[in-house]
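Structure first, commentary second.
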Amino acid sequence: MQWYARAESQREAAARLGLDESRIAKLNSNENLFVPRELAARVARKAAEEVDHRLYPDLEGELVEKLSSYLGVGEECIAIGCGADQLIDLLIAAFGRGGVATVHPTYTYYMDRCMAYKISYRYTELTRSLELDLEELVELAESSSLVILNTPNNPTGTAMPEEAVKAAAEACRGLVVVDETYAEFADRQLHTLPLELENTLVIRSFSKAFAAAGARVGYLVAHPAAAKEVRRAQQPYPASGFSLRYASALLDMLSYFKQVWSEVKRVRSWFYRKLRGQGLRAIPSQANFVSIRADIDPQAAYEGLLRRGYLVRVFPGLLGSRSLVRVTLAPVETLEGAAKALGEVVK
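Counting in my numbering, the sequence shown runs from 172 upward without gaps.
In structure tokens:
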């Protein structure tokens with residue numbers, strides 16, 4: 172096992188290879204690049220001015236009320252965190268002592284946290300054709316205190332069948348966590364599942380859908396009793412006053428963001444078809460990125476694209492390929508160049 176490593180920054184990559192940072196498109200962290208930086212800055216400035224930074228945050232209730240309206244669930248079903256990662260960390264530490272199970276490939280932060288807490292970590296592998304061994308997942312769930320299912324999945328972009336989530340929840344003696352960080356880009360969402368299955372929790376984030384990765388705001392939807400347990404285990408002030416007000420302001424712009432999500436889906440469909448038209452093995456995605464299977468050395472793929480001005484994420488040895496190249500979606504003018512570079516580098 173290896174520790175989770177965050178994506179290399181533009182500055183780090185440029186310095187390492189002697190490149191011009193300003194000529195590198197950052198497509199490696201699945202941030203929402205469809206929202207203008209100026210718009211985000213304007214909303215952030217207003218939020219910062221409205222908060223008394225001398226005081227401890229007291230805006231959690233305001234955000235929970237707006238999330239309740241957005242999601243169509245009761246306020247008692249929601250808990251706030253400092254990004255989805257902090258909630259994942261909390262759940263593993265508090266409820267994962269009897270072992271954590273998941274499906275690979277997936278977000279490696281789960282494994283990282285289990286290593287940090289010396290918790291047993293087991294998984295079933297997707298097949299090369301991206302099929303799930305449901306029987307094996309159920310067997311793992313039966314002997315685990317925590318099951319984490321990422322849908323849409325990072326790094327494949329594929330969605331987990333709802334029947335699989337329900338089967339895991341029925342088999343698990345503890346909790347099933349559905350990581351829906353990319354939910355708003357998907358055709359189907361599962362955030363109301365905890366109202367039906369009491370041992371199921373859904374985690375979401377403002378980082379991707381609402382273009383607020385820098386604010387570090389995540390939230391959890393659960394049965395009221397489970398949400399209460401999470402809040403009890405949570406730190407007293409799980410997010411800053413600024414972050415809470417900023418996230419609240421973003422929810423006031425919901426009609427705008429729905430247009431953004433529609434545009435992401437449109438560009439995703441176009442980019443996927445373009446890559447397939449170039450003979451590349453792109454995987455159909457339900458997230459704000461597209462991954463490509465490639466029979467090329469991972470470092471060669473990474474640096475080849477970087478030298479052409481595109482910073483992406485490359486995962487070695489996944490799904491029977493030497494490399495899985497993950498590209499964050501961006502406006503078409505950026506992806507036109509990225510597609511050309513991929514055609515030159517990835518085989």
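No residue lacks a Cβ here, since even glycine has one placed at the ideal position from N, Cα and C.
All values reported here derive from a predicted model rather than from experimental measurement.
In the DSSP annotation of this structure, the continuous segment of the alpha helix (DSSP H) that includes I263 starts and ends at 254-266. For V214, the uninterrupted alpha helix (DSSP H) run begins and ends at 208-221, by DSSP. As DSSP reads the structure, R452 sits in a beta bridge with R464. Counting the other CB atoms within 10 Å of its CB gives P409 a total of 16 or more, which places it among the buried residues. Around the beta carbon of H224, a 10 Å sphere encloses fewer than 16 other beta carbons of the protein chains shown; the residue is thus reported as exposed.
One thing to note: A312 has its Cβ within 7 Å of the Cβ of C343.
Going by beta carbons, F205 and E434 fall inside the 7 Å limit. The distance from the Cβ of A335 to that of A383 is about 30 Å, inconsistent with a contact at the 8 Å cut-off. Across the structure, R268 and L346 are spaced so that their CA atoms are roughly 12 Å apart. Of N325, S411, L320, the smallest CA-CA separation from E221 is found for S411. Taking a 10 Å sphere around the C-beta of S240, we find fewer than 16 other C-beta atoms and assign the residue as exposed. C-alpha of S378 to C-alpha of L421: approximately 11 Å in a straight line.
Bounds of the alpha helix (DSSP H) holding Y241 are 231-242. For S376, the enclosing beta strand (DSSP E) covers residues 371-376. Note: Y481 is bridge-paired with A196 in the DSSP secondary-structure output. As computed with DSSP, R293 is found in a beta bridge with A272. About 16 Å separates the Cβ atoms of Y353 and P332, ruling out a contact at the 8 Å cut-off.
Between N459 and L489, the gap from beta carbon to beta carbon reaches 7 Å or more. DSSP assignment within the region 295-342 yields the following whole beta strand (DSSP E) runs of 3 residues or more, N-terminal first: 317-321. If you draw a 10 Å sphere on the C-beta of K289, you find fewer than 16 other C-beta atoms in it, and that means exposed.
If only complete runs of 4 or more residues are kept, the region 390-425 shows the alpha helix (DSSP H) at 395-404, 412-422, in order along the chain. Apart from sequence neighbours up to five positions away, the residues of its chain that approach C253 with a beta-carbon distance below 6 Å are R387, P409, A410, ordered along the chain. Counted as a single uninterrupted DSSP element, the beta strand (DSSP E) harbouring D350 occupies residues 346-350.
A direct Cα-Cα distance of roughly 15 Å separates S314 from V348. Scanning R493, P455, L210 for the CA closest to the CA of A357 turns up P455.
Residue range 494-499 is occupied by the beta strand (DSSP E) that includes T499.
DSSP, read as helix, strand or coil, puts P487 in strand.
A196 sits away from Y473, with the two beta carbons spaced by 7 Å or more.
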